[in-house]
Every structure is written in structure tokens, then in C-alpha cells.
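Residue numbers (the UniProt record's numbering): 1 to 366.
We treat Cβ as the ideally placed atom computed from N, Cα and C, and that holds for glycine.
Here the structure is a predicted model, which means the values were calculated and not measured.
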Ligand SMILES: NC(=O)c1ccc[n+]([C@@H]2O[C@H](COP(=O)([O-])OP(=O)(O)OC[C@H]3O[C@@H](n4cnc5c(N)ncnc54)[C@H](O)[C@@H]3O)[C@@H](O)[C@H]2O)c1
Ligand SMILES: O=C(O)C(=O)C[C@]1(C(=O)O)C=C[C@@H](O)C=C1
């Protein structure tokens, strides 16, 4: 029998989930969004089977509902769900990056028919909107589930089955564990990335060449500062009780580093850098969760016409598929560095060997 799934909020995440769920032919997928253009795009590109402008009417038809709007809007939708009378059972989930307030609201649902299991796919991008949606976005990522008080294990299993095409790894956490961990590895780093960009922006007044000089390191550490400001504003305020103490800890940490520099404590600075490197290098490479599970090869190339094409052709001739290419640094007339990302370790190693055999200087991270 066909199951009806409603996705409310068809942006980057809702659209990407829709693209996964749509692969299941026994699902009838309804899309709801406040933005008419998004709905038109979703229908025209067959991302959903049906669109709706009426959340309450659509949810009444659904067996599953996934709320994929900004966090504060998701909380507002849960408040609406609390008022709906259903004559059949419904599993509701969300994708919010912060879980505390969402789960607090979800625990207020009294209907016996509704089972709420919070969700958060730990993958995304700095892009927004349905046009950036991709079916493979969640592959190899962790997908965190936070069941509400009344959700049964059987319901959690049903939700996992619905989301199985994402090829993510599901883990169950409570809201507090979730919010503490994501604030450390996602929300706070975002705040720092934006602050680093603001710092460069203010120094640009004195040194107008700063944007041009910003090379691989600055670009790597600040990529996420190009994200959707509306979404992150919401995340920061939803998780501010955890973020504020982290900012206090960070100020203390910066003060410590400042003192080490002022007192010329080279040994302590060395250990500080060494410990950070060891921790970073030790991040689980098989299941990298928030860090995309790609395997990189760095290739030195000469800045001359066709240099990149040669590298790509070599790998294409051996049927190796490159997941992503990034030019990290090109200096005029000298070498530059290409970062090639592969989905499997095997492709990474094979590519490195092929490139080395053809005379390229390559490096990989173990
Ligand atoms: N972008 C990421 O990297 C990422 C990763 C994991 C989880 N999330 C979470 O996913 C959610 C959506 O983020 P996104 O990146 O897809 O944003 P997005 O801006 O790409 O999409 C949000 C969509 O929700 C719609 N919308 C807004 N209010 C709505 C409402 N009341 N009802 C229905 N639709 C509404 C918008 O029109 C838009 O189409 C957020 O809660 C975010 O915290 C984002
Ligand atoms: O890759 C990115 O651009 C992201 O910011 C993705 C990211 C993250 O911080 O890792 C952002 C927010 C989500 O809640 C989950 C994933």
C-alpha cells in the first residue's frame, strides 16, 4: 500500500530529502512550502508528486511528515500540529540543527496518534534553496535522531526505513547531548568563521590587497561564512544558552595564547599546535560525519593552459570518478595545487598512483 509523506519546507535539506524519498515508488510525496516558486520548481522537476499550500489539509493525508523549515518556523509548525485532530497514525520528524526547543515543543503533543522523532542530518552546504538540493547530500553522513518521550522504537525503525535511501548512519541522542555536541563542532565554528571574515574585512581598509592574498588556508577555514545568514541567525539564537559559555571559554583560550606569545613560551605553543594537529588528524576518517566523507589527493600542477584538463583526462581514461575539484592556489607562472576529492579510498589511492606514474607531485592525507 502506498504511504503518503509530507515534507514541509522544500529548501536545500527538504528538497534533498525529497529527492531520496521519491526513489521509493510506494511513496506518494507531498511538498508544502511558503514560497510559491519553490513549489512550482519542485513539481516541474518531479521532486514531489503533489504540492500543497495548506499545511493542515496536507498533514491530514500523511503517514509521515518531515518539517524542514528554519528552526523557529519548524517550532511554529509543531504548535500547529498540536491542534490537529487526526483519525490515523502519523510519524513526524524534523531536520533542525538545534533540538532543545524543538523537542520541548514536540513533547507537548498530546494526540495518541502522533509520534514525534526529531532528526538532524549532519550534512549540508553553504548553499540554500531547492535548486541546491542533491539526492546524495547525506551519503556517509551521520543522521541524528532524537525520539520524543512517547515515540516507540518501532516508530523510530519506520522512520529509519523511510530515510534509508539517504545512505546515512543513524544515531540516537537526547536533545541536550545533540545541542552540546553540534554547538562545539558546527555552531561555534560558524561563529568563528564569520568573525575571521569580519576581521579580514576591517583590515582590508588598511591593506586593500588582503582579499586577493587570501589563499587556501583562509578559504578553507571560512567557507562556511558564505552560508545562509537567516538560517544561522536562527541556529545561534535557538542554541544561545550553550553558545554563550563557549564564547567565554574561547576568550579565555585566546587570552592563554596571547600570554604564551607575550612570554615567548615557544615550547607551550609548539605543544598546543601539536595536540591540535593530533586531534584533527585523528578524526574518524571512515565515518567523518560533518566533515564530508571524501578522500583527497593534492596535485601540484603548472599554471599553463590545459593543465587541469590533463589531470582530469588521465583519471577519466581509467574510469575514476572525481567527486569534487578545487583549485587551492595558483600563482602566476608557477605551480598551483589542485584538490581532487574521491568517494572511496580505493579511487584515492589508484589516482595517486596514476598521477605519480605520470610525473605529478602528489600528496594525500592518511
Ligand atoms: N543547510 C544546512 O547545511 C543544514 C544541514 C542540516 C540541517 N539544516 C536545517 O535544515 C532546515 C532547513 O535549512 P535549509 O538549509 O534547507 O534552508 P533553505 O533556506 O534552503 O530552505 C528552507 C525552506 O523552508 C521554507 N519555509 C520557511 N518557512 C516555512 C514555513 N513556515 N513552512 C513551510 N516552509 C517554510 C522556505 O521557503 C525554504 O524553501 C533548518 O532548520 C536547518 O537548521 C540545515
Ligand atoms: O557543510 C556545510 O556547509 C555545513 O555547514 C553543514 C553543517 C555543519 O556545520 O557541518 C551545517 C549545519 C547543519 O546543521 C549540519 C551540517
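Within the present structure, is the beta-carbon of residue i separated from the nearest heavy atom of ligand 2 by less than 7 Å?
i, result
"residue 136", "no"
"residue 224", "yes"
"residue 316", "no"
"residue 124", "yes"
"residue 120", "yes"
"residue 97", "yes"
"residue 227", "yes"
If you draw a straight line from the C-alpha of residue i to the C-alpha of residue j, how long is it?
i, j, result
"residue 337", "residue 93", "43 Å"
"residue 203", "residue 240", "28 Å"
"residue 114", "residue 144", "20 Å"
"residue 168", "residue 138", "6 Å"
"residue 228", "residue 13", "13 Å"
"residue 194", "residue 348", "32 Å"
"residue 355", "residue 302", "14 Å"
"residue 317", "residue 47", "33 Å"
"residue 53", "residue 5", "15 Å"
"residue 278", "residue 272", "10 Å"
"residue 38", "residue 29", "15 Å"
"residue 26", "residue 162", "11 Å"
"residue 127", "residue 274", "33 Å"
"residue 360", "residue 315", "13 Å"
"residue 290", "residue 123", "Because the pLDDT of residue 290 is 44, which lies under 50, any placement of that residue in the model is unreliable, and the number read from its coordinates should be weighed accordingly. Cα-Cα distance, rounded: 6 Å."
"residue 215", "residue 9", "36 Å"
"residue 80", "residue 322", "45 Å"
"residue 253", "residue 265", "15 Å"
"residue 364", "residue 283", "15 Å"
Would the beta-carbon of residue i be found less than 7 Å away from any heavy atom of ligand 1?
i, result
"residue 11", "yes"
"residue 73", "yes"
"residue 184", "no"
"residue 281", "no"
"residue 193", "no"
"residue 32", "yes"
"residue 128", "yes"
"residue 173", "no"
"residue 76", "yes"
"residue 70", "yes"
May I ask you to report which of helix, strand or coil DSSP gives residue i?
i, result
"residue 333", "Because residue 333 sits at a pLDDT of 48, beneath the cut-off of 50, its placement in the model cannot be relied upon, and the following sentence gives the value as read from the coordinates. Correct three-state label for residue 333: coil."
"residue 45", "coil"
"residue 191", "helix"
"residue 223", "helix"
"residue 308", "helix"
"residue 291", "Interpretation of residue 291 is limited by its pLDDT of 45, a score under 50 that renders its predicted location unreliable; the figure taken from the coordinates is listed afterwards. Coil."
"residue 126", "coil"
"residue 299", "strand"
"residue 23", "coil"
"residue 286", "In this prediction, residue 286 scores a pLDDT of 49, lower than 50, which makes its location untrustworthy; the coordinate-derived value is nonetheless stated afterwards. Coil at residue 286, not helix or strand."
"residue 51", "strand"
"residue 271", "helix"
"residue 326", "strand"
"residue 184", "helix"
"residue 92", "strand"
"residue 352", "helix"
"residue 238", "helix"
"residue 16", "helix"
Thinking just about the alpha-carbon of each residue, which of the options is nearest to the one in residue i?
i, options, result
"residue 17", "43, 305, 135 and 32", "135"
"residue 63", "95, 84, 102 and 2", "2"
"residue 300", "324, 362 and 250", "362"
"residue 72", "11, 99, 51 and 162", "99"
"residue 297", "319, 165, 276 and 343", "343"
"residue 340", "69, 294 and 359", "294"
"residue 188", "360, 245, 158 and 213", "245"
"residue 133", "68, 283 and 269", "68"
"residue 358", "310, 327 and 90", "310"
"residue 182", "140, 56, 214 and 121", "121"
"residue 74", "199, 258, 118 and 274", "118"
"residue 76", "105, 61, 90 and 265", "105"
"residue 96", "345, 88, 262 and 238", "238"
"residue 86", "109, 10 and 103", "109"
"residue 40", "84, 131, 70 and 165", "131"
"residue 179", "65, 242 and 217", "242"
"residue 116", "258, 350 and 102", "102"
Check whether the Cβ of residue i lies closer than 8 Å to any Cβ atom in chain C.
i, result
"residue 21", "Absent from the structure is chain C; it holds one protein chain and no more."
Cβ of residue i versus every heavy atom of ligand 3: is any distance shorter than 7 Å?
i, result
"residue 35", "Ligands displayed in this structure: ligand 1 and ligand 2; ligand 3 is not among them."
Any alpha helix (DSSP H) of 4 or more consecutive residues that is wholly inside the region 53 to 86: 55 to 61 and 71 to 82
Mind pulling the alpha helix (DSSP H) runs of 4 or more residues that sit fully within the region 128 to 178? 153 to 162
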